[in-house]
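See structure below.
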Amino acid sequence: MLLIHCPYCEEDRSELEFRWAGEAHVVRPENIAAISDEEFAEFFFLRNNEKGLTYERWRHIHGCGRFFNAARDTVSDRFLMAYKAGLPKQPVPVAEKFAAIAEEKSVETWEQTEGDAR
Amino acid sequence: MRKYSVFAIAREAMRAHKGWEAQWTSPEPRSSYDVIIVGAGGHGLGAAYYLAKEHGITNIAVIEKGWLGGGNTGRNTTIIRSNYLYEESMDIYEHSLKLWEGLSQDLNYNVMYSPRGVMMLSHNVHDQQVFKRHINANRLYGIDNEWMTPEQAKAFVPVLDISKTARYPINGAALQRRGGTARHDAVSWGFARAAADRGVHIIQNCEVTGIRRGPGGEVQGVETSKGFIGAKKIGVSAAGHSSVVMEMAGVRVPLASNPLQALVSEPMKPIFPCVVMSNTVHAYISQSDKGELVIGAGTDQYNSYSQTGGLQIITHTLDAICELFPMFRRVKMMRQWGGITDNTPDRSPIQGITPVPGLFVNCGWGTGGFKATPGSANLFAHLIAKGEPHKLAAGLTLDRFRTGRLIDEAAAAAVAH
Chain A
0 MLLIHCPYCE
10 EDRSELEFRW
20 AGEAHVVRPE
30 NIAAISDEEF
40 AEFFFLRNNE
50 KGLTYERWRH
60 IHGCGRFFNA
70 ARDTVSDRFL
80 MAYKAGLPKQ
90 PVPVAEKFAA
100 IAEEKSVETW
110 EQTEGDAR
Chain B
0 MRKYSVFAIA
10 REAMRAHKGW
20 EAQWTSPEPR
30 SSYDVIIVGA
40 GGHGLGAAYY
50 LAKEHGITNI
60 AVIEKGWLGG
70 GNTGRNTTII
80 RSNYLYEESM
90 DIYEHSLKLW
100 EGLSQDLNYN
110 VMYSPRGVMM
120 LSHNVHDQQV
130 FKRHINANRL
140 YGIDNEWMTP
150 EQAKAFVPVL
160 DISKTARYPI
170 NGAALQRRGG
180 TARHDAVSWG
190 FARAAADRGV
200 HIIQNCEVTG
210 IRRGPGGEVQ
220 GVETSKGFIG
230 AKKIGVSAAG
240 HSSVVMEMAG
250 VRVPLASNPL
260 QALVSEPMKP
270 IFPCVVMSNT
280 VHAYISQSDK
290 GELVIGAGTD
300 QYNSYSQTGG
310 LQIITHTLDA
320 ICELFPMFRR
330 VKMMRQWGGI
340 TDNTPDRSPI
350 QGITPVPGLF
360 VNCGWGTGGF
370 KATPGSANLF
380 AHLIAKGEPH
390 KLAAGLTLDR
400 FRTGRLIDEA
410 AAAAVAH
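Taken in sequence, the protein lines are chains A and B.
Under numbering that gives the first Met the number 0, the first residue of the first sequence carries the number 0, and numbering increases by one thereafter.
Under numbering that gives the first Met the number 0, the first residue of the second sequence carries the number 0, and numbering increases by one thereafter.
This is the structure in structure tokens:
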């Protein structure tokens with residue numbers, strides 16, 4: 000289960016509180032009735048489905064209820080950044096972030112979590 | 000290739016089993032082939048086999064990033080059925096089911112196809128109406144599917160809880176008796192052995208990193224971790240990574256890659272006679288010939304290539320299993336794993352030509368590709384050999400997302416495939 004940071008609540012919360020809402024920054028064409036079938040298929044069906052860095056929307060459905068955007072690595076499922084809806088696509092210092100992920104222990108051990116709490 | 004038979008077993012028993020040969024060879028790649036298939040899952044290996052057997056094309060390489068049976072072919076819950084709603088779906092899944100019936104003989108390899116029946120539980124009026132619609136559509140199309148009362152379902156699966164006080168009461172079920180299971184590894188190995196016997200090169204541990212195109216846009220071959228390999232035609236059958244491979248040729252496909260999990264219990268004596276699925280409470284379960292309960296969970300909500308998934312997905316399914324079959328509450332689960340499924344917007348597969356000359360695609364089988372393995376492979380081979388789809392797969396084109404002629408099994412099949 001993912002641990003997700005809501006930029007409105009400013010808290011890390013469990014994935015159970017969130018609903019994934021697809022790729023971020025997909026812009027609906029303003030002249031939707033005038034565009035060709037190819038352009039409509041592109042807008043409506045085609046998504047990047049990136050292996051690696053992806054930008055996606057989440058909704059904090061069992062929390063504040065608001066949509067926000069996040070950057071995540073789809074190989075490790077690590078969140079790299081979460082930011083408020085309406086902001087432009089935020090640059091992620093990819094190389095550094097990915098290096099940091101590689102260094103981090105990928106498995107949460109009892110010593111790391113429960114041990115500290117004790 | 001030495002034929003497998005009772006005499007072969009007797010012969011080898013006489014000489015301490017020293018005469019068994021490797022089932023397939025692992026040759027170094029040639030500089031070029033007539034056809035390259037990207038992805039040596041069941042669909043890819045099967046396509047190579049049928050290209051060699053039915054279309055006389057044997058200069059083929061099947062290129063695989065990992066190892067045989069390491070991807071979705073070895074990660075599914077092995078359910079086989081053809082009780083879909085729309086004609087396009089029934090065509091291809093029923094074609095597949097008919098091939099399953101003779102596959103062990105055809106390949107000279109026991110794929111352990113077992114038509115033990117697939118039962119889909121109905122829990123409410125909506126389920127009942129949807130299943131009866133499926134049953135009527137199937138029977139009109141010549142596919143077996145029948146309605147059962149709760150008592151008939153209980154007689155077929157004695158461990159089922161049909162009491163009125165059950166957490167998920169059952170008001171009936173749909174049963175496809177010809178549906179069932181097969182052994183997934185044997186499907187992969189059987190196709191590999193039969194294809195290699197006809198001269199197909201199976202190249203494992205070789206990742207495709209690019210698709211080279213000529214001045215006219217046509218494919219020329221693939222860049223791999225073992226260097227460039229030329230090809231006149233390329234078939235992409237890469238499951239969860241299909242969109243990654245297609246992107247190398249500049250073709251975007253409407254796929255979302257999601258983790259799907261499954262798990263097995265400790266082995267037990269035979270207790271469970273068929274496959275039972277419940278779309279409404281999301282559980283599906285069968286018992287393997289080794290005695291393990293094989294349980295399929297759901298997909299995670301987000302795109303991922305991690306081959307793992309959230310624990311809440313598994314517990315949700317196990318909650319339902321324990322309610323439907325109270326006697327399984329004390330069974331221990333032994334192993335859990337995830338695969339990456341490639342899901343299309345309408346939850347129907349894509350098999351067809353692409354805008355790139357010489358490039359063919361077979362993807363989007365989502366959460367239900369195993370049952371389609373021989374049928375999909377057979378029709379994909381036809382597509383690659385002839386350059387145009389077989390009539391049974393004519394509706395599965397990539398172009399349908401432009402024309403709007405979708406095959407909306409997403410609504411028709413609820414969740415489980």
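Note that the Cβ used here is the ideal one computed from N, Cα and C, for glycine as well.
Residues in the same chain with beta-carbon distance under 8 Å from Glu14/A, minus the five sequence neighbours each way, listed in chain order, please. Met0, Leu1, Leu2, Ile3
Pull the bridge partners of Met118/B from the DSSP assignment, please. Leu174/B, Val275/B
Listed by chain order, chain A residues near Leu310/B by CB distance under 8 Å: Met0
Presumed contact (8 Å Cβ cut-off) between Val91/A and Ala70/A, rounded CB distance: 5 Å
Cβ atoms of Ile202/B and Ile62/B: under 8 Å apart, would you say? With respect to Ile202/B, Ile62/B sits close: the two C-beta atoms are nearer than 8 Å.
Once DSSP output is grouped into helix, strand and coil, what is the label at Val244/B? helix
Should Lys50/A be labelled buried (16 or more other beta-carbon atoms within 10 Å of its own) or exposed? buried
Check whether the stretch 101-120 of chain B and the stretch 172-187 of chain B touch, using three or more Cβ-Cβ pairs below 8 Å as the test. Yes, the stretch 101-120 of chain B is in contact with the stretch 172-187 of chain B.
Round the Cβ separation of Ile349/B and Leu395/B to the nearest angstrom and send it over; I've been treating them as touching at under 8 Å. 6 Å
Between Gly171/B and Pro149/B, how many whole angstroms is the CB-CB distance? I'm expecting something under 8 Å. 6 Å
Does Phe78/A have its Cβ less than 8 Å from a Cβ in chain B? Under the 8 Å criterion on CB atoms, Phe78/A is classed as non-interfacial with respect to chain B.
Coarse secondary structure for Phe17/A, derived from DSSP in three states: Phe17/A falls in the coil class under three-state DSSP.
Heavy atom of the ligand MG within 7 Å of Glu49/A beta-carbon: The ligand MG is absent from the structure shown, which contains no ligands of any kind.
Can you tell me where the alpha helix (DSSP H) holding Trp19/B begins and where it ends? Element bounds for Trp19/B: n/a, residue is neither H nor E.
Given 8 Å, three or more beta-carbon pairs between the stretch 396-410 of chain B and the stretch 327-347 of chain B: yes
Kindly give me the distance between the Cβ atoms of Gly239/B and Ser256/B, rounded to whole angstroms, as I take these residues to be in contact under 8 Å. 5 Å
Indicate whether at least one CB of chain A lies closer than 8 Å to the CB of Leu317/B. no
Can you name, in chain order, every residue of its own chain whose Cβ lies under 6 Å from the Cβ of Lys83/A, other than the five neighbours on each side? Pro6, Phe67
Whole angstroms is fine: what's the gap from Glu387/B's alpha carbon to Asn204/B's? Spanning the two alpha carbons is a distance of roughly 31 Å.
Given a cut-off of 8 Å, decide if Ala23/A and Glu55/A are closer than it, judged by their beta-carbon atoms. yes
Between the beta-carbon of Val221/B and the beta-carbon of Ala47/B, is there less than 8 Å? no
Return the CA-CA distance between Glu16/A and Ile91/B, expressed in angstroms with no decimal places. 39 Å
Strand pairing of Thr53/A, partner residues [DSSP]: Partner(s): Arg71/A.
Contacts around Gln219/B, its chain only, beta-carbon distance under 7 Å, and the 5 residues preceding and following it disregarded: Arg211, Arg212, Gly213, Gly229
Could you tell me whether the Cβ of Lys50/A comes closer than 8 Å to any Cβ of chain B? yes
In this structure, what does DSSP give as the bridge partners for His4/A? Asp11/A
Three-state class that DSSP yields for Val37/B in the structure shown: strand
Answer yes or no: does any C-beta atom of chain B fall closer than 8 Å to that of Met46/A? Reading off the sequence, residue 46/A comes out as Arg, not Met. Taking Cβ atoms only, chain B reaches closer than 8 Å to Arg46/A, which makes this a yes.
Under 8 Å, with one C-beta from each stretch per pair, do the stretch 257-265 of chain B and the stretch 31-51 of chain A reach the 3-pair mark? no
For Val360/B versus Ser241/B, is the C-beta distance shorter than 8 Å? Taking 8 Å as the cut-off, the beta carbon of Val360/B is found closer than this to the beta carbon of Ser241/B.
Going along chain B, which residues have a C-beta under 8 Å from Asp36/A? Arg401, Thr402, Gly403
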